[in-house]
Amino acid sequence: MKGSVGQSEQTQVALREISSMQQRYTSLGSFLRSKDEKINTDSEKLSEWDLQRDSLARWISNETKRLNTDYPITLVNEVIHTNVEKAKRLEEILVKEKQLEMEEIRNKARLLMSEPSIPGTSDIVSSQKALEIDWEKLNRAVSTLKEWNENAEVLLEGLINLDKWLIQKERMMSAIGTVNIDPKVIDSQLIQIELLRSELEDQSAARNKVNELAHNLVAESTISANAQQIVSEMDTLNRRWVSFHDELEKKKLTLQKVKELGLNFSSKQRDVKMQLIGVAEAVEQISRSPLTSKSDVDEQLKILDESSRRSSEIDPQLEDLKMLVNLICEITQNHSLQTDIREQLNTTVQTAQELKKKIEVLTFLLGL
């Protein structure tokens, strides 16, 4: 009897141990299943984040490359407007679409990094950091693209305005010239030149701004041909600017020299004419005076001899006038002025020659 009771107790103990072991195995199985589900869930989250991050990273990389190749900095108005429109569209995509996607990726990365059960946290940190850097680079590149093309637009407008201004002032300058040797006319033209010089100085600020913009754009241009176009445009403008300045200075010096020579010519010509008038009056008086005696003839011959001497003294002065006329004609390229001043000289020379001939004829007649 006692043996049966002992055996029953042993059986119950064995059953309780089996039950306890079954519970432990059941708990362990539940834990392992839960652990496996956690691993699968974390893996899915990691994979989802990585795929989304990789997709955005590739899009950012492609857009960054396109910014360096498909948006040339140039001075073609249509290209500038196209670039600005493209930049605005890309900026809109970044703000309205990609910004939300970026925030979602950031949130997922933060959650993954906060899970101690997920391995490779340092890889998540470095990958997310690389994405953040590329994201900022793209945003800066889009902003820079807009700024570059806006500057190119300002540069183009500045070039067009300066070109129009130069054309207008070049026409005004071409109208200034030595059309005669009247000092009042020349003084008026010198005033016009000073006004143009003053206007040129006033425009220097606009030209400096255009040159600065061009320098910056050339430094930022990624395409050699586009940079060369900007350099060529600026070289043309600057050469015209310097040429206009030099031409103004040249015209100023020419007018001043012609004024000096013209005053000298006018003064000498006036003296010669006064001398010729004096000689002509004496000769005319002889031609009207009656000859009543030999003494009258002798007196008139004396007057003619004096007139001939005075006429001969005019010859060197006529040579001086010729030299002045040649200098004036050499300096000025105005055909009308050259013709006018030579005609003035020829008229004076012809008057002197005719007077000489008249003296010779009268002297001959009185000597008969």
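Take any residue in the sequence shown, note its place counting from 1, add 93, and you have its number in my numbering.
Ideal Cβ positions, reconstructed from N, Cα and C, are used throughout, including at glycine.
Note that the coordinates shown come from a computational prediction; the quantities given were computed from them, not determined experimentally.
Of the candidates 449, 334, 313, the residue whose Cα lies closest to the Cα of residue 260 is 334. Using a Cβ distance threshold of 8 Å, residue 354 and residue 289 do not count as a contacting pair.
With a cutoff of 8 Å on beta-carbon distance, residue 157 and residue 230 are scored as near each other. Closest by C-alpha distance to residue 162, out of 319, 169, 351, is 319.
For residue 320, the enclosing alpha helix (DSSP H) stretches over residues 317-381. Fewer than three beta-carbon pairs drawn from the stretch 213-226 and the stretch 291-306 are found closer than 8 Å, and the two stretches are therefore not classed as touching. Cβ neighbours of residue 456 within its own chain (closer than 8 Å, five residues either side excluded): 394, 397, 398, 401.
If only uninterrupted beta strand (DSSP E) runs of at least 3 residues are considered, none is enclosed by the stretch 129-188.
In the same chain as residue 153, and ignoring 5 residues on each side of it, the C-beta atoms closer than 7 Å to its own belong to 227, 228, 231, in chain order. The Cβ-Cβ distance between residue 279 and residue 352 falls below 8 Å. One thing to note: residue 413 has its Cβ within 8 Å of the Cβ of residue 361.
For the pair residue 220 and residue 233, the Cα-to-Cα distance works out to about 20 Å. Separation of the CB atoms of residue 270 and residue 427 is rounded to 5 Å, and the pair is thereby assigned contact status at 8 Å. Residues of the same chain with a CB within less than 7 Å of the CB of residue 424, apart from the 5 flanking positions on each side, are 347, 350, 351 in chain order.
Listed in chain order, the alpha helix (DSSP H) runs fully inside the stretch 272-308 are 276-295, counting runs of at least 4 residues. Counted as a single uninterrupted DSSP element, the alpha helix (DSSP H) harbouring residue 419 occupies residues 387-424.
The alpha-carbon separation between residue 255 and residue 174 amounts to approximately 21 Å. In this structure, the alpha-carbon of residue 251 lies about 19 Å from that of residue 314. CA-to-CA, the gap between residue 111 and residue 207 works out to about 41 Å.
It is roughly 17 Å from the alpha-carbon of residue 203 to the alpha-carbon of residue 192. If you draw a straight line from the Cα of residue 307 to the Cα of residue 324, it is about 8 Å long. Under the DSSP assignment, residue 270 falls outside any alpha helix (DSSP H); it carries neither an H nor an E label.
Closest in alpha carbon position to residue 170, among 245, 159, 236, is 245.
With a cutoff of 8 Å on beta-carbon distance, residue 198 and residue 142 are scored as near each other. Linking residue 458 to residue 415 through their CA atoms gives a straight-line distance of about 33 Å. Distance between residue 375 and residue 382, taken at the CA atoms: about 11 Å. With a contact defined as Cβ atoms closer than 8 Å, residue 266 and residue 341 qualify at about 6 Å.
Counting along the chain, no alpha helix (DSSP H) covers residue 427, and no H or E run does either. Taking 8 Å as the upper bound for CB-CB distance, residue 411 and residue 442 are in contact here, some 6 Å apart. Of the other Cβ atoms in all chains shown, fewer than 16 fall within 10 Å of the Cβ of residue 105; this residue is therefore exposed. Contact between residue 327 and residue 304 holds, with the beta-carbon distance rounding to 6 Å and staying under 8 Å. The shortest CA-to-CA distance from residue 214 to any of 262, 181, 139, 242 is the one to 139. Relative to residue 454, the option among 379, 435, 386 whose CA is nearest is 379. The criterion of a C-beta distance shorter than 8 Å is not satisfied by residue 247 and residue 429. Here the C-alpha atom of residue 435 lies approximately 40 Å from the C-alpha atom of residue 331.
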